[in-house]
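Numbering (my numbering), first residue to last: 1 to 81.
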């Protein structure tokens, strides 16, 4: 059976669609929920990290080093030309 997705902004639209469904013989199904909260940042698909990972060993490496993220990007992430 063919399916379509309708996005609406007003709750009145949903009421009208439900009324039409009685006459036109179509049904509503709930939207599937995503497992992870996926989102986009400037067009880049981002997925949240796993919170169950133990990062305590990394803390020993970076503690007291006074590392700035901007300086790290400038130094380590340069493109080779």
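Positions of the beta carbon are idealized from the N, C-alpha and C atoms, including for glycine.
From the DSSP output, which residues share a beta bridge with residue i?
{"i": "residue 45", "result": "40"}
For the alpha helix (DSSP H) containing residue i, list its first residue and its last residue.
{"i": "residue 27", "result": "Segment: none, residue 27 is in no alpha helix (DSSP H) and carries neither H nor E."}
{"i": "residue 57", "result": "56-62"}
{"i": "residue 73", "result": "69-76"}
Of the choices the options, whose alpha-carbon is the least far from that of residue i?
{"i": "residue 3", "options": "26, 78 and 64", "result": "26"}
So what's residue i in DSSP terms, helix, strand or just coil?
{"i": "residue 22", "result": "helix"}
{"i": "residue 13", "result": "helix"}
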